[in-house]
Amino acid sequence: MGNSFGKIFKISTFGESHGKGLGVIIDGCPAGLVIDEEFIRSEMQRRKPGQSKITTQRKEEDEFQLLSGVFEGKSTGTPIGMVIMNTDQKSKDYGHIADKFRPSHADFTYHEKYGVRDYRGGGRSSARETAARVAGGAVAKLFLKHFGIDIKAYVSQVGHLKLDTPYHKLDLSKIEDNILRCPDAKKAEEMIDYIDSIRKSRDTVGGVVSCVITGAPAGLGEPVFDRLHAELGKAMLSINAVKGFEYGSGFEGVSMRGSEHNDVFYTDQTGKTRTKTNHSGGIQGGISNGEDIYFKVAFKPVATIMIDQESVNEAGEAVTVSGKGRHDPCVVPRAVPIVEAMAALVLADYLLISRTNKL
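In structure tokens form, the structure reads like this:
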């Protein structure tokens, strides 16, 4: 029913925004992996609400409990189960929209699909579901670390404000140095001030998260329908509020000629086949070529705004929807670890699949 992701390294998530809690079951994680709980906790802290003035003020520590699949600190090869309990629900904030459809939310579509919906914070359609993904993605990151694969995402745009510097000219170790998670301190300050001004006007704004994967070997990807970039696209587009995905040269590549866009091969000093440029984004023919994999993910403005809007209710009657509750004025600061988590799940899965490709 669309609640699972992956083929070999597979996760299934459950839970709602205002239910008792959320959780993830990780199946297919190889035995013997050291499960670093402090690392998982640090990843959860990066996504949790209430981090700063530019995020929702809901207070959830997002502490997790390991239920299964780990013995004496290592994975056993059996399903790993984790739960994250909700502790700061304020369901009363949503009573006024119990039968109303909020503009650009999933209220109407869930009502049409199921005939019943959990209106408290959007239920399963809430971005709170992504807490379970980050927990699963943290385990995937621990797995990828064994193979020298690293994933880093950062905020590269908020509204009309863009960070145009290519990722390889940025110091990505500075991503966590500010509340926006932008490695350029000056641009980050400008973006933070802009988000804060949007928040004070009771509105919201969108943005872009860029991501780069280093250390991935050549050969990951399953043509023809399960190409690596197609799976990364599916992973990113499954995240709440995502409206766009592009990898490599993306849409800008259409203005280039083939002679400009082609990534010419050469042999480096170690005898490894490389490309002089990387317009392909590390993927050719749907398969990784050993170069850095990089992509961008576009997030829409948060749909809940503190401004009255016209809508209809379940009876089809005209109503006014008033925004209440605690919501992010811009999702991208907290989306950074979610993008990394989903990318890690894809890479972990394809790394295991690659072991079945040849003798």
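Quick note on my numbering: the sequence shown kicks off at 24 and runs consecutively. C-beta atoms are modelled at their ideal positions from N, C-alpha and C, and glycine is treated no differently. Just so you know, these numbers come straight off a predicted model, no measurement behind them.
Residue span of the beta strand (DSSP E) that contains residue i, given as start and end
i	result
Thr296	Thr296 to Thr298
Gly267	Val265 to Tyr270
Glu283	Careful: Glu283 lies outside any beta strand (DSSP E), inside the alpha helix (DSSP H) at Gly281 to His284.
Glu39	Unbroken run through Glu39: none, as it is neither H nor E.
Proximity winner among the options, relative to residue i (alpha-carbon distances)
i	options	result
Asn201	Asp194, Ala211, Phe32 and Leu167	Ala211
Lys323	Ile198, Asp207, Pro206 and His183	His183
Asn285	Gly294, Asp291 and Ser272	Ser272
Val47	Glu83, Ser91 and Ala321	Ser91
Gly238	Glu314, Tyr373, Glu333 and Val228	Glu314
Phe62	Glu337, Phe166 and Tyr117	Phe166
Glu86	Thr110, Gly256 and Ser35	Thr110
Ala241	Lys257, Thr298, Ile221 and Thr99	Thr298
Ile215	Ala338, Gly51, Ala154 and Pro352	Pro352
Lys319	Ser311, Asn312, Gly309 and Val362	Val362
Arg69	Phe32, Gly144 and Thr153	Thr153
Met105	Pro126, Asp50, Gly138 and His41	Asp50
Ile236	Gly304, Asp187 and Lys33	Gly304
Ser224	Leu382, Gly42 and Gly346	Gly346
Glu283	His302, Asp194 and Ala341	His302
Phe170	Glu39, Leu56, Thr343 and Thr296	Leu56
Leu45	Glu83, Gly29, Lys164 and Cys52	Glu83
Which of helix, strand or coil DSSP assigns to residue i
i	result
Asp216	helix
Gln68	helix
Gly276	helix
Met105	strand
Leu368	helix
Ser98	strand
Leu375	helix
Phe62	helix
Ser311	strand
Lys43	coil
Lys381	coil
Ile202	coil
Ile306	strand
Residue-chain proximity (residue i, chain B), Cβ-Cβ < 8 Å
i	result
His41	Chain labels in this structure do not include chain B; a single protein chain is all it has.
Cross-strand partners of residue i (DSSP beta bridge)
i	result
Gln292	In the DSSP output, where bridge partners are listed per residue, Gln292 has none listed.
Cys234	Ala176 and Phe318
Asp50	Lys33
Val355	Looking at the DSSP assignment, Val355 forms no beta bridge with any residue, so it has no partner.
Glu333	Thr343
Val93	Ser98
Val57	Lys97
Leu184	Val181
Phe28	Ile34
Lys383	Residue 383 lies beyond the residue range present for the chain, which begins at 24 and ends at 382; the question has no answer from this structure.
Cβ-Cβ separation, residue j to residue i (assumed contact under 8 Å), whole Å
i	j	result
Val359	Val232	6 Å
Val157	Ala364	5 Å
Ile306	His252	5 Å
Gly145	Ala129	6 Å
For residue i, the first and last residue of its enclosing alpha helix (DSSP H)
i	result
Leu255	Leu251 to Leu260
Leu243	Leu243 -> no alpha helix (DSSP H), and no H or E assigned at all.
Gly160	Thr153 to Lys168
Asp130	Asp130 to Tyr137
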